[in-house]
Amino acid sequence: LAKTTQPISMDSYEGQEVNITCSHNNIATNDYITWYQQFPSQGPRFIIQGYKTKVTNEVASLFIPADRKSSTLSLPRVSLSDTAVYYCLVEGDDKIIFGKGTRLHILP
Amino acid sequence: SQTIHQWPATLVQPVGSPLSLECTVEGTSNPNLYWYRQAAGRGLQLLFYSVGIGQISSEVPQNLSASRPQDRQFILSSKKLLLSDSGFYLCAWSVAGIESPLHFGNGTRLTVT
Numbered sequence: 051l052a053k054t055t056q057p058i059s060m061d062s063y064e065g066q067e068v069n070i071t072c073s074h075n076n077i078a079t080n081d082y083i084t085w086y087q088q089f090p091s092q093g094p095r096f097i098i099q100g101y102k103t104k105v106t107n108e109v110a111s112l113f114i115p116a117d118r119k120s121s122t123l124s125l126p127r128v129s130l131s132d133t134a135v136y137y138c139l140v141e142g143d144d145k146i147i148f149g150k151g152t153r154l155h156i157l158p
Numbered sequence: 405s406q407t408i409h410q411w412p413a414t415l416v417q418p419v420g421s422p423l424s425l426e427c428t429v430e431g432t433s434n435p436n437l438y439w440y441r442q443a444a445g446r447g448l449q450l451l452f453y454s455v456g457i458g459q460i461s462s463e464v465p466q467n468l469s470a471s472r473p474q475d476r477q478f479i480l481s482s483k484k485l486l487l488s489d490s491g492f493y494l495c496a497w498s499v500a501g502i503e504s505p506l507h508f509g510n511g512t513r514l515t516v517t
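Set out below in C-alpha cells:
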C-alpha cells in the first residue's frame, strides 16, 4: 500500500508555476521524499529528492515542512512538455511502492 | 556511467506461451533491482525486487517469477501467460544501501493475445 496521497489530476497554463502537494502522514524517521515524472510509454524519471526544508535543482524545488507530513513539488514556469504524471514517494528501505500519481495537464 | 538495458521493446505472445524478459545494468556493482508492471492508464505495480544474487522478494502472487542469476542481471519469467499479463514492464535499479533514486529502463510492451 502506497504511503502517500496526492491529487489525481491538475491543469495549469504555460508559463505558470505549478505546485503539487503530497501527503505522507506516516513518514518514518529514515524516509526520504522522492518525486518522479513519467511520460507515456516511458519509465519514470527522477526529478528531486529531499529529507527536510527545501531542495532545489535545475528543474524543480521541493518544500518539506518541519513535521515532514507533507511535501510540495514546485515546477517553475511550466511548458507543454511538462504534461506528465508526477509521483511522490517516501523511500526508506529497499521496497519502493508507487502510488497513483498526479496527472498534470499543461494548457497553451 | 551507469546504464540499464531492457529487452525486447515490444512483444506479442499468445495465451499459454512462456515469457522471458531480461534486464541488465552496467557501470555499477551490487545494485538493487526491480520489476514493475503498468497496465494501460494505471500506476506502477511492484512485482519483484532483489537486493542481491539469488535474493528475490515477490510482491504480488501471480504466475510470474523472477531470477537474478548474476549481480547485474534480472529476469522476469512466466511458464504460461494469461491475458491479464498484458502491460508495460519496467526494470529499474538503484544503488544499494543509501537513499538512491530509481533508474528505469525503456520498458517492454507486452501484449498477450
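Chains A and B supply the protein sequences, listed in that same order. Last residue of the first sequence: 158 in the working numbering, with the numbers rising by one and none dropped. Last residue of the second sequence: 517 in the working numbering, with the numbers rising by one and none dropped. Just so it is clear, CB atoms sit at the ideal spot from N, CA and C, and this is done for glycine as well.
task = Kindly list the residues whose CB is nearer than 7 angstroms to the CB of serine 539 of chain B, restricted to its own chain and excluding five residues on each side of it in sequence; keep chain order.
result = Any answer about residue 539 of chain B is impossible in this case: the structure gives chain B only from 405 up to 517.
task = Find the nearest neighbour of leucine 480 of chain B within the set B:Ser488, B:Ile460, B:Thr407, B:Ser498, judged by alpha-carbon distance.
result = B:Ile460
ask   = Under three-state DSSP, which class holds tryptophan 424 of chain B?
value = Here residue 424 of chain B is serine; the residue named in the question, tryptophan, does not match the sequence. Reduced to three states, the DSSP call for serine 424 of chain B is strand.
task = Starting from the C-beta of valine 499 of chain B, find all residues in its chain whose C-beta is less than 8 angstroms away, skip the five residues before and the five after it, and write them out in chain order.
result = Listed in chain order, the non-local C-beta contacts of valine 499 of chain B below 8 angstroms within the same chain comprise Thr432, Pro435, Asn436, local neighbours out to five positions each way being set aside.
request  = Just the chain B side, please: which residues come within less than 7 angstroms of alanine 144 of chain A by C-beta, in chain order?
outcome  = Per the sequence shown, the amino acid found at residue 144 of chain A is aspartate instead of alanine. Correct list: Asn436, Tyr453, Val455.
key: First and last residue of the uninterrupted beta strand (DSSP E) at glutamine 66 of chain A   = Per DSSP, glutamine 66 of chain A belongs to no beta strand (DSSP E) and is neither H nor E.
task = Whole angstroms is fine: what's the gap from threonine 106 of chain A's alpha carbon to isoleucine 70 of chain A's?
result = Distance between threonine 106 of chain A and isoleucine 70 of chain A, taken at the CA atoms: about 15 angstroms.
key: Partners in chain B for glycine 93 of chain A, counting only beta-carbon separations shorter than 8 angstroms   = Chain B residues near glycine 93 of chain A: Leu494, Ala496, Phe508, Gly509, Asn510, Gly511.
inquiry  = I'd like to know if the region 504–512 of chain B and the region 451–458 of chain B are in contact, where contact means that at least 3 CB-CB pairs between them fall below 8 angstroms.
reply    = Because the criterion of three Cβ pairs below 8 angstroms is not met, the region 504–512 of chain B and the region 451–458 of chain B do not touch.
message = Let me check one thing: in DSSP terms, what residues is asparagine 76 of chain A bridge-paired to?
response = In DSSP, asparagine 76 of chain A forms no bridge with anything.
task = Tell me whether serine 462 of chain B sits in a helix, a strand or coil according to DSSP, three-state version.
result = Residue state, collapsed to three classes: strand.
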